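Asks: First the structure, then my questions, so here it is.
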Amino acid sequence: MSALLAGRLLLAEIGDNFPQSGERLGWSDLWAWGIAVVVGAVIALVVVQIRQRNDMEQRCDNPWKLFRELCQVHNLDRASQRLLAQVAKARRLPQPAQIFLTPSALEPADLPAGLRERADQLLRLRGRLF
Amino acid sequence: MKPLQRTIEALSRSHNEAAAPTLMAGLVAGSGPVFDGAITGLVSRRSKAGHLEVLRLWDRLMPEQKALVEKGRHKMGGALREALLEGEYQLFYNALNFVESSGDFDLIPTLVMVAEQPDGERSHAAIELTAKLVDQLLHWIDNNREPIIGRDPATIRYCVLESLERSVERFREHRRPELLESFIVLAGPHSGTLHNVLETLHHPCHGSIVHTLTHSASDRVLRLLTAMLEGKEAPQVIRNVISKRSDRPFVEALLAVSLDPANAPLRRNLARLRSIACCEDPQTLCVQYSPYQQAAAMHLLAASGASDEQKLALAEALLKHGSVDSRIAACESLRSIGGQWANRLVLLALGDADAAVKATAISQLRHRRIPGTMAKLMELVDSPEEMVSSAAREALSEFSFENFQSRFDLLDDEARREMGTRVAKVDLTARARLKQELASPARRSRLRALQMAAAMDMFPQLADALVERLEDEDHLVRAAAAEALKHCKPSDVRSGLLAAMEDKSVAVQNAAKSSLAALGLDSTSRSTTTPMVAEARS
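Protein sequence lines, in the order shown, are assigned to chains D and S.
Okay, so the first sequence: first residue is 1151 according to this note's numbering, each after it adds one.
Okay, so the second sequence: first residue is 3 according to this note's numbering, each after it adds one.
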């Protein structure tokens, strides 16, 4: 063990005393690089996640992804998607995508007050999906 | 494209497994476009749970909805198998109905497994459907058509047969003879497995297969039996079954077999049959079967290895009570059988009301050497029935003009007369040939023709040719012709004879005079000299 440590120290000192050599680097000098690498990895992960989220060709069993796939098929904007998702949740549909096969689910009458107020929007959506 | 349609299409194609439960939820609608769309979507996905859900609804679907489901049947194999093997009551029957209506032959191995199960009701339903599908498959093969599922029927047959063969091997465990029937008809007459079972007495299936072959009235089983009879080396057990069966469907199938003389295996197999049950009851045969079938039965028995007594018994019954066709067949079958009984039957046929039967009997008379045959045949030559007289002439074919002509010089007068009169009666060409000979350039031939005509007693029929010979260049011919004319009708020959009275040959004049006298005509009258004769004289 002591021989190994002695070897490592010798290796660390190998660049000492060269005419143009700077000061010896310590662990604290690598923080900036480390942070950059971590940020890069996080960004890559997020990108991969986003790509996977929107890759409809990938095999999976994800009800909300299917919901988004159907929203894409019908070219629904963000607001409509949000509204449909709220209705699906309010109706407690076991499969959120079921909303695309259930015209009665978009009937405002028996929806919570918040959604009932958006009856016009719901009826427009129903006309668009069915 | 409508929005709902777009949704369904997206759900059908989605790689997301959540699409199946979503579509299954759509089935709650019960009817309408969402329901139909959900069915379409589910059957186009590979989802066993979804398919099972659709199958559960099968009995409640409208025909057009069923058509939607059938479009996806090639993806539903797994669900159908599960429904058939483990499905609850309604699901099982729905699957069964679906298989039946879609004609999915791939499910036959599964059906065979169900059929082998101890559950009586399900097992019987599966057996019934297996038989139906096998029949349907054979129908496709017979008509050389491709099934809707788009696969080669021969390949399907191979796969189905394999599963049925395995079932045959398991027969000891399941004891379902109905499956054997499906196997038999699909295996066909050349199946090695079937031949093996038939030839191995101790095979577990042997008894059941023989029982099926003996009792089944299925068209295909009957066809198999007749095909085996027509094929190479029918096994002993098949020959026994054919010998013993007398039920109407089988007899009809057997009597429809064409006895092609070129089919040597059929002839060989028939020759090895010692009896044919349906031929042992002529009364039923005459009453219940068509004229064609009665005749076919006689032909079949005649070609079989049955005893002459059996053949004669049927022939006698048919000659007495059968149809015209069968009487002809009976008569024909006697040809190869000798003896008193056969001779008696030929004479019986000779008295038949139908000319064709008589003609068939006549053709056998000579070689049987029955006393009085010659006289009878000569008598039949004069029959008003064309068929009978031709048959008699055919039987007496040695009395031909050629034969008579070639032997004429060797015969004495008595023999010439005897043969000549027969030839005149039998050979319809005799008159024309004599005329030809009378006009021959050879003097000897002309003179011999006159002698032959005399022996044949044919002068009256040759009056015109004899009158022409009165102008022959040879006076001997002219004299012989003049002499012969006394046998003719006076009105036909008078003028010729009167002209011959002025012939330069005294012999001719004398002969003409003698003939005129014999005919009771006045030799002094010359009113009707023909211009030709006058010209010849000048």
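Built from N, CA and C at the ideal position, the CB exists for glycine as well.
A quick note: this is a predicted structure, and the numbers were derived from the prediction, not measured.
Tell me, please, which residues DSSP counts as bridged to residue 18 of chain S.
Replies: D/1210
Asks: I want to verify the contact list: residues of chain S whose CB lies under 8 Å from the CB of residue 1271 of chain D, in sequence order.
Replies: Going along chain S, no residue has its Cβ under 8 Å from residue 1271 of chain D, so there is no contact; the nearest lies around 16 Å.
Asks: Which class does residue 207 of chain S belong to by DSSP, given the choice of helix, strand or coil?
Replies: coil
Asks: Quick test of the definition: if touching needs 3 or more C-beta pairs under 8 Å, does the stretch 1215-1234 of chain D touch the stretch 1176-1186 of chain D?
Replies: no
Asks: Comparing alpha-carbon positions, which option in D/1280, D/1247, D/1225, D/1236 lies nearest residue 1261 of chain D?
Replies: D/1236
Asks: Given a limit of 8 Å on CB to CB distance, which residues of the stretch 1195-1217 of chain D reach chain S?
Replies: 1206, 1207, 1208, 1209, 1210, 1211, 1212, 1213, 1215, 1216
Asks: Just tell me which of S/44, S/30, S/404, S/34 has its CA closest to the CA of residue 11 of chain S.
Replies: S/44
Asks: Determine, using beta carbons only, whether residue 28 of chain S comes closer than 8 Å to chain D.
Replies: yes
Asks: Run through chain D and tell me which residues come within less than 7 Å of residue 6 of chain S, C-beta to C-beta.
Replies: 1280
Asks: So, residue 275 of chain S versus residue 307 of chain S, is the Cβ gap smaller than 8 Å?
Replies: yes
Asks: For the alpha helix (DSSP H) that residue 294 of chain S lies in, which residues bound it at each end?
Replies: 293-305
Asks: Please classify residue 423 of chain S: does DSSP put it in a helix, a strand, or coil?
Replies: helix
Asks: To the nearest whole angstrom, what separates the beta carbons of residue 82 of chain S and residue 101 of chain S, a pair I think is in contact under 8 Å?
Replies: Sure, about 6 Å apart at Cβ, within 8 Å.
Asks: Quick check on DSSP: helix, strand or coil for residue 561 of chain S?
Replies: What the structure shows of chain S is the stretch from 3 to 540, and residue 561 of chain S is not part of that stretch, so it cannot be assessed.
Asks: Nearest chain S C-beta to residue 1251 of chain D closer than 8 Å, yes or no?
Replies: yes
Asks: Whole-angstrom Cβ separation of residue 144 of chain S and residue 96 of chain S, contact assumed at under 8 Å?
Replies: About 30 Å; that fails the 8 Å criterion.
Asks: Could you compute how far the alpha carbon of residue 1247 of chain D sits from the alpha carbon of residue 1279 of chain D?
Replies: 12 Å
Asks: Using a Cβ cut-off of 9 Å, pull out every chain D residue sitting near residue 36 of chain S, in sequence order please.
Replies: 1251, 1252, 1253, 1280
Asks: Below 8 Å on C-beta distance, what does residue 40 of chain S contact in chain D?
Replies: Within 8 Å Cβ-Cβ: 1251.
Asks: At the level of alpha carbons, what is the spacing between residue 23 of chain S and residue 52 of chain S?
Replies: 7 Å
Asks: Considering only residues of the same chain and omitting the five flanking positions on each side of residue 463 of chain S, which have a CB-CB separation below 8 Å?
Replies: Result list for residue 463 of chain S: 433, in chain order.
Asks: When you compare the stretch 291-300 of chain S with the stretch 263-275 of chain S, are there three or more beta-carbon pairs, one atom per stretch, that lie closer than 8 Å?
Replies: no
Asks: Does residue 364 of chain S come out as helix, strand or coil in the three-state DSSP assignment?
Replies: Correct three-state label for residue 364 of chain S: helix.
Asks: Should residue 80 of chain S and residue 50 of chain S be called a contact, given that it needs their Cβ atoms to be closer than 8 Å?
Replies: Yes, they are a contact pair.
Asks: Tell me which residue opens and which closes the alpha helix (DSSP H) that residue 228 of chain S is part of.
Replies: 221-232
Asks: Are there 16 or more other CB atoms within 10 angstroms of the CB of residue 1168 of chain D, so buried, or fewer, so exposed?
Replies: Burial state of residue 1168 of chain D is exposed, judged by a 10 Å Cβ sphere holding fewer than 16 other Cβ atoms.
Asks: In terms of residue numbering, what span does the alpha helix (DSSP H) encompassing residue 343 of chain S cover?
Replies: 342-352
Asks: Within its chain, find whatever has a CB closer than 8 Å to the CB of residue 532 of chain S; leave out the 5 residues flanking it on each side and keep chain order.
Replies: Confidence is the limiting factor: at residue 532 of chain S the pLDDT is only 42, short of 50, which leaves the residue's position unreliable, though a coordinate-based value still follows. Contacts found: 497, 498, 501.
Asks: Could you check the C-alpha separation between residue 362 of chain S and residue 393 of chain S for me, to the nearest Å?
Replies: Distance between the alpha carbons of residue 362 of chain S and residue 393 of chain S: 8 Å.
Asks: Could you give the distance in angstroms between the alpha-carbon of residue 31 of chain S and the alpha-carbon of residue 7 of chain S?
Replies: 16 Å
Asks: Okay, do the stretch 418-426 of chain S and the stretch 449-465 of chain S touch, 3+ Cβ pairs below 8 Å being the bar?
Replies: Result yes; three or more Cβ-Cβ pairs closer than 8 Å.
Asks: Please state the DSSP three-state secondary structure of residue 480 of chain S.
Replies: helix
Asks: Which complete alpha helix (DSSP H) runs does the stretch 30-91 of chain S hold, if anything under 4 residues is left out?
Replies: 34-46, 50-59, 65-73, 79-88
Asks: Against chain S, with Cβ distances strictly below 8 Å, would residue 1187 of chain D count as a contact?
Replies: Residue 1187 of chain D has a beta carbon lying at 8 Å or more from every beta carbon in chain S.
Asks: Measuring alpha carbon to alpha carbon, tell me which of D/1200, D/1265, D/1245 ends up nearest residue 1232 of chain D.
Replies: D/1265
Asks: Going by DSSP in three states, residue 190 of chain S sits in which element: helix, strand or coil?
Replies: coil
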